[in-house]
Amino acid sequence: MCVGLAAKVVSVKDGTAVIDASGAKRDVSAELLEDLEPGDYVMVHAGVAIAKITSDDETESEGVMAGLASHSRA
Amino acid sequence: MSDVIKNAREIIQSYDGPKLRIMEVCGTHTHEIFKMGIRNLLPENIDLISGPGCPVCVTPVGFIDEAIYLALEKGCVITTFGDLIKVPGTKSSLAGARSEGADVRPVYSPDDAVELAKENPDMQVVFLAVGFETTTPSACLAVKKAQRLGLSNFSILTANKTMPSAYKKLAGSADAFLFPGHVNAIAGNSVCKELTSLGVSGVVAGFTANELMTALAVIIEESKKGKPFFVNCYPRVVKDEGNPAAQKLVESVMESCDTEWRGLGMIEKSGMKLRDEYADFDARKKYSVPDIQGKPNPACRCGEVLQGNCKPTDCPLFGKVCDPIHPVGACMVSDEGACAAYYHYGPSINLN
Ligand code: SF4
């Protein structure tokens, strides 16, 4: 039940967003995220968009590992 | 294989320091780590412990008994996340209650339950609100919507929980926690940062192979420095402040309460219940649910499994009496439960 669903926002209207998760479209609540726009990526839990996703996981992991390296040298 | 994974993998496999016990707090982490075969990569001196972060697994027996009471004695339609249907109560599960006439329906979200109530005014719909920080906002949104629509036939049975007190209770069970990414996406990182002052270390992690390998590598590297640490390894989703709108919503609809965790017992201020203003939507008050003391199967060792004190395979019932089709304890029910993960992936993994 806790598995989050990463999805792309197709449209937003009156606190509801239509999302596209690998081709499957559904309505989710957009009430907890301000300024959501079509094209944004969001994490969805139990029908609610809970967070914006700001990059892909590879870029993210590169950043985290780079942080670790510079931290260790410091 | 990407360079990041290669680098992380090298750090993990070459670890030759003192024994390191890492607890995955979140059931989804447990499941993904098994599925990706990450356990096979770990050297012997790294022990992964599957913690209590599956809401289904920590839902106490008495909660299932309450839901069955509402279905059979009060004629309510029970709506719930599907996993909960098979969880054993004292005498039976919701699936068992169905054969006695209970109307139990799985839903994808609490909002679906509100819609069901709206379309069927003569039905008394109750949603079973389980879950941690991640899921609680969806239950609060449902209550607010039902209020807005003026529905008098919708209520929720709360068993919502919050993680901070559980972390403290589990503090000695592991050297570092793999904190659940989506709890922090809502609650923010401050609690985890504060835990470092109590000597509790950990990183918040995402759910892909890149993210999990990176998180483990970071734990190893940080542990070598010998000081408590916290690192956000999931910054593409988790911001330091979390989701302020969600925090505000939950704060306005619910308040904290003491609550029982299956296996861990009563933990002070680790639960959420509806505020008095929302009493009309509180199934316990609305239907005067009596105080029910659930009795778990005494042979089930879920409690010890959840605290990392034993492995599922140490339980005498594992795979013999207890399996995913006939679960005895909640840890065997959900795919995210430690016992179910061991059952599905056990033969192919290194159980340490
Ligand atoms: S194997 Fe079954 S009975 Fe044993 S601890 Fe796990 S859930 Fe409980």
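Which chain is which? The protein sequence lines are P and V, in order.
In the working numbering, each number is its position in the first sequence, counted from 1, plus 957.
In the working numbering, each number is its position in the second sequence, counted from 1, plus 812.
Glycine residues also receive a C-beta, built at the ideal position from the N, C-alpha and C atoms.
Only a predicted model underlies this, so the values are computations on that prediction, with no experimental measurement involved.
Bridge partners - residue i, DSSP secondary structure assignment
{"i": "V:G1077", "result": "V:W1073"}
{"i": "V:G943", "result": "V:N972"}
{"i": "V:N1044", "result": "V:V1016"}
{"i": "V:C1134", "result": "V:F1130"}
{"i": "V:D1094", "result": "V:I968"}
{"i": "P:I1010", "result": "P:Y998"}
{"i": "V:F875", "result": "Answer is none; V:F875 lacks a bridge partner."}
{"i": "V:S862", "result": "V:E836"}
Chain V contact for residue i (CB, 8 Å cutoff)
{"i": "P:I976", "result": "no"}
{"i": "P:A981", "result": "no"}
{"i": "P:E994", "result": "no"}
{"i": "P:D1014", "result": "yes"}
{"i": "P:A1031", "result": "Reliability of the predicted coordinates at P:A1031 is poor, the pLDDT of 39 falling under 50, and the value obtained from them is presented with this limitation in mind. Closer than 8 Å: no."}
{"i": "P:L962", "result": "no"}
{"i": "P:V969", "result": "no"}
{"i": "P:V1021", "result": "yes"}
{"i": "P:V966", "result": "no"}
{"i": "P:A987", "result": "no"}
{"i": "P:E1017", "result": "yes"}
Minimum Cβ-Cβ distance from residue i to chain P less than 8 Å
{"i": "V:C1004", "result": "no"}
{"i": "V:Y920", "result": "yes"}
{"i": "V:M1058", "result": "Looking at the sequence shown, residue 1058 of chain V is not Met but Ala. By this cut-off, V:A1058 is an interface position."}
{"i": "V:C1045", "result": "yes"}
{"i": "V:N819", "result": "yes"}
{"i": "V:V1118", "result": "Correcting the residue type first, residue 1118 of chain V is Leu in the shown sequence and not Val. Output row for V:L1118: interface = no."}
{"i": "V:L1000", "result": "Per the sequence presented here, residue 1000 of chain V reads as Gly, with Leu not at that position. Output row for V:G1000: interface = no."}
{"i": "V:H994", "result": "yes"}
{"i": "V:A1142", "result": "no"}
{"i": "V:V938", "result": "no"}
{"i": "V:E927", "result": "no"}
{"i": "V:S950", "result": "yes"}
{"i": "V:S814", "result": "yes"}
{"i": "V:N972", "result": "no"}
{"i": "V:G1018", "result": "yes"}
{"i": "V:D923", "result": "yes"}
{"i": "V:E1033", "result": "yes"}
DSSP three-state assignment for residue i, whether helix, strand or coil
{"i": "V:F846", "result": "helix"}
{"i": "V:H1156", "result": "helix"}
{"i": "V:L884", "result": "helix"}
{"i": "P:L990", "result": "coil"}
{"i": "V:T1008", "result": "helix"}
{"i": "V:E836", "result": "strand"}
{"i": "V:T948", "result": "helix"}
{"i": "V:P830", "result": "coil"}
{"i": "V:G893", "result": "According to the sequence provided, residue 893 of chain V is Phe. The question's Gly does not apply to it. Coil, per DSSP."}
{"i": "P:Y998", "result": "strand"}
{"i": "V:K981", "result": "helix"}
{"i": "V:V1030", "result": "helix"}
{"i": "V:E1053", "result": "coil"}
{"i": "V:L854", "result": "coil"}
{"i": "P:I976", "result": "strand"}
{"i": "V:G1083", "result": "strand"}
{"i": "V:P1108", "result": "coil"}
Residue i CB to nearest heavy atom of ligand 2 below 7 Å
{"i": "V:G1106", "result": "With respect to ligand 2, the structure shown offers nothing to examine, as its ligands consist of ligand 1."}
Presumed contact (8 Å Cβ cut-off) between residue i and residue j, rounded CB distance
{"i": "V:V899", "j": "V:L1076", "result": "Incorrect: roughly 16 Å between the Cβ atoms, too far for contact."}
{"i": "V:V937", "j": "V:T891", "result": "6 Å"}
{"i": "V:V1016", "j": "V:N1044", "result": "5 Å"}
task: Please confirm if the stretch 837-854 of chain V is in contact with the stretch 1009-1028 of chain V, defined as three or more CB-CB distances below 8 Å between the two stretches.
output: yes
task: Say whether the stretch 1041-1056 of chain V touches the stretch 992-1003 of chain V, bearing in mind that this needs 3 or more beta-carbon pairs closer than 8 Å, one atom from each stretch.
output: yes
- request: Decide if the stretch 983-992 of chain V is in contact with the stretch 817-825 of chain V; the criterion is three or more beta carbon pairs, one per stretch, under 8 Å apart.
  value: no
query: Any contact of the stretch 872-888 of chain V with the stretch 994-1007 of chain P, i.e. 3+ C-beta pairs under 8 Å?
result: no
- prompt: For the stretch 946-957 of chain V against the stretch 1082-1095 of chain V, are there 3 or more C-beta pairs whose distance is under 8 Å?
  reply: yes
query: Three or more C-beta pairs closer than 8 Å, one from the stretch 957-975 of chain V and one from the stretch 929-948 of chain V: is that the case here?
result: yes
query: Would you say the stretch 919-926 of chain V touches the stretch 1035-1044 of chain V, given that touching needs at least three Cβ pairs under 8 Å?
result: no
- prompt: Can we say the stretch 974-986 of chain V touches the stretch 1119-1126 of chain V, given the rule of at least three CB pairs closer than 8 Å?
  reply: yes
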